[in-house]
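In the working numbering, the protein residues as written are 65 to 177.
All remarks here apply to the structure that follows.
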C-alpha cells in the first residue's frame, strides 16, 4: 500500500561505509534531498505491504554523486528491503539499502520498525 500523500513520509536506510566497515541508519524524507558523503539521495516514493502480507518495503529513489563541481546520476530506480542485492547502488565506498517506510501524522511518527 502507498503511504498517504497528505503525510510527510520518511524512509529509513541502512548504510555501509566500505572503508571503515561501519553500518549506520539514515533517514530521508520523501521528496527532499539527503546527503551521505558525496552522495545526494532523493526518495521519490516508498511503499510497504500491509501487515497481513509478507513484509516488503519498496523505495523508488535517485542517487547523485558530486565530484569536482559536477554531478553524476549513479542510480535511479526501485530498491527492495527483502533483496538489497537485486537492484542496488554500485559505489566504491558506500552501500545503501532500504529498511522501512514511515510517516508523520499529527507530529507523531508511525510506521514499521
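Note that CB positions come from ideal geometry on N, CA and C, so glycine has one too.
Here the structure is a predicted model, which is why all the values come from computation and not from measurement.
Pair within 9 angstroms by beta-carbon distance, residue i and residue j
{"i": "residue 125", "j": "residue 137", "result": "no"}
{"i": "residue 73", "j": "residue 99", "result": "no"}
{"i": "residue 140", "j": "residue 102", "result": "no"}
{"i": "residue 97", "j": "residue 84", "result": "no"}
{"i": "residue 164", "j": "residue 112", "result": "yes"}
{"i": "residue 79", "j": "residue 87", "result": "yes"}
{"i": "residue 115", "j": "residue 144", "result": "no"}
{"i": "residue 153", "j": "residue 160", "result": "yes"}
Contact set for residue i: own chain, Cβ-Cβ below 6 angstroms, skip 5 residues either direction
{"i": "residue 146", "result": "120"}
Strand pairing of residue i, partner residues [DSSP]
{"i": "residue 93", "result": "74"}
{"i": "residue 141", "result": "125"}
{"i": "residue 136", "result": "129"}
Contact set for residue i: own chain, Cβ-Cβ below 8 angstroms, skip 5 residues either direction
{"i": "residue 89", "result": "76, 77, 78, 79 and 163"}
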